[in-house]
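Trainee: First the structure, which I've put down as structure tokens, then a few questions once you've had a look.
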Amino acid sequence: MSAAEIKAKILGVATSLFEAKGINACAVDMIINASGVARATMYRHFPSKDTLIMAFLRSKADAFYEWLNRGLRNQKGKPADKLIALCILMEEWIGTPNFKGLPFHIGTIEFPEPDHPVNQFSITLAKELQEYFSALAKEAGAPDPAGLSQQIIMLFEGAALVERVAPGSNAAAKAKDAALLIIRGTLK
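The UniProt record's numbering puts the sequence shown at residues 1 to 188.
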């Protein structure tokens, strides 16, 4: 196996364990044993557990953005239609049976200390989402793109948390409906 394949294997095993048991419930030894690599190999690719956790969160965020971009790529119509499509995609993603939460929620919940590197990284991921939504709101002609994106994100963040504690709650559909009302009211 190449170095890249070994690193991907470790990250894949860690992802499975983190999602099944929670990040803090998984000791490094558990990840090493499950991935079948030597301790030195693990630490060569991920110098600390925090580094591995941040790679996990980054991969979750990247997969999310790839999925969103794929869904928005062929969106035709007015720029506002793309913002509406984004809300529909958010509903779809949060409503999936295997939804595990927003990457930055995962990091801040498991590492609530403000100065912890994982918490700081999670804040960076949250800002990326804000910028992503804000760019689409600006493209749609929102007078206050950052404000509109904040309103939309708060709805979907709330829906994501509700869906984690009450799967099948339809919270994402309700968030989408509220977001569409806000968008249509803002972009009249």
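Virtual Cβ for every residue (Gly too), placed ideally from N, Cα, C.
Can you tell me where the alpha helix (DSSP H) holding I10 begins and where it ends?
Mentor: Position 10 of the sequence shown, counting from 1, holds the residue named residue 10. From DSSP, the alpha helix (DSSP H) with I10 extends over A3 to K21.
Trainee: Thinking L155 and A137 are a contact (beta carbons under 8 Å), I'd like their distance in whole angstroms, please.
Mentor: Numbered from its first residue, the sequence shown carries residue 155 at position 155. Numbered from its first residue, the sequence shown carries residue 137 at position 137. Actually they are not in contact, since the Cβ atoms of L155 and A137 sit about 14 Å apart, beyond 8 Å.
Trainee: Does the Cβ-Cβ distance between A146 and S134 come in under 8 Å?
Mentor: Here the question's residue 146 lines up with position 146 in the sequence shown. Here the question's residue 134 lines up with position 134 in the sequence shown. Yes, the Cβ-Cβ distance between A146 and S134 is below 8 Å.
Trainee: With respect to the alpha helix (DSSP H) encompassing N170, which residues constitute its N-terminal and C-terminal limits?
Mentor: Position 170 of the sequence shown, counting from 1, holds the residue named residue 170. Counting along the chain, N170 falls outside any alpha helix (DSSP H), and DSSP gives it neither H nor E.
Trainee: Going straight from the alpha carbon of L57 to that of S122, what length do you get?
Mentor: Taking the first residue of the sequence shown as position 1, residue 57 is located at position 57. Taking the first residue of the sequence shown as position 1, residue 122 is located at position 122. C-alpha separation (whole angstroms): 8 Å.
Trainee: Does the Cβ of A25 have 16 or more other Cβ atoms within 10 Å, making it buried, or fewer, making it exposed?
Mentor: Here residue 25 refers to the residue found at position 25 when the sequence shown is read from its first residue. Exposed.
Trainee: Under the assumption that E163 contacts A173 (Cβ atoms under 8 Å), give the Cβ distance between them as a whole number of angstroms.
Mentor: Counting from 1 along the sequence shown, the entry for residue 163 is found at position 163. Counting from 1 along the sequence shown, the entry for residue 173 is found at position 173. Contact doesn't hold; Cβ gap of about 10 Å is too wide.
Trainee: Give the single residue among Q151, W67 and A4 whose Cα lies nearest to the Cα of V46.
Mentor: By one-based count along the sequence shown, residue 46 stands at place 46. Residue identity check: residue 46 is Phe in the sequence provided, not Val. Nearest of Q151, W67 and A4 to F46, Cα basis: A4.
Trainee: Please report the straight-line C-alpha distance between Y65 and M42, rounded to a whole angstrom.
Mentor: Counting from one through the sequence shown, the residue named residue 65 turns up at place 65. Counting from one through the sequence shown, the residue named residue 42 turns up at place 42. If you take the alpha carbons of Y65 and M42, they lie about 27 Å apart.
Trainee: With a cut-off of 8 Å on the beta carbons, I'd call K188 and A140 a contact; round off their distance for me.
Mentor: As a first step, residue 188 must be located in the sequence shown, where it is residue number 188. As a first step, residue 140 must be located in the sequence shown, where it is residue number 140. In fact, because the Cβ distance is near 12 Å, the residues do not count as touching under 8 Å.
Trainee: In whole angstroms, give me the CA-to-CA distance for E110 and I84.
Mentor: Here the question's residue 110 lines up with position 110 in the sequence shown. Here the question's residue 84 lines up with position 84 in the sequence shown. Spanning the two alpha carbons is a distance of roughly 32 Å.
Trainee: Given the structure, does V13 come close to the ligand MN, in the sense that its CB is under 7 Å from one of the ligand's heavy atoms?
Mentor: Absence of the ligand MN is noted for the structure shown, with no ligands found whatsoever.
Trainee: Give the DSSP-derived three-state secondary structure of N98 in the structure shown.
Mentor: Sequence index remark: in the sequence shown, residue 98 carries index 98 (1-based). Of the three classes helix, strand and coil, the one that applies to N98 here is coil, per DSSP.
Trainee: Do I53 and A159 have their CB atoms nearer than 8 Å?
Mentor: On the sequence shown, position 53 is the one that residue 53 refers to. On the sequence shown, position 159 is the one that residue 159 refers to. Not closer than 8 Å, so no.
Trainee: Does the beta-carbon distance from I106 to Q130 come in below 8 Å?
Mentor: Start at 1 with the first residue of the sequence shown, and residue 106 comes out as number 106. Start at 1 with the first residue of the sequence shown, and residue 130 comes out as number 130. In this structure, Q130 does not lie closer than 8 Å to I106 by Cβ.
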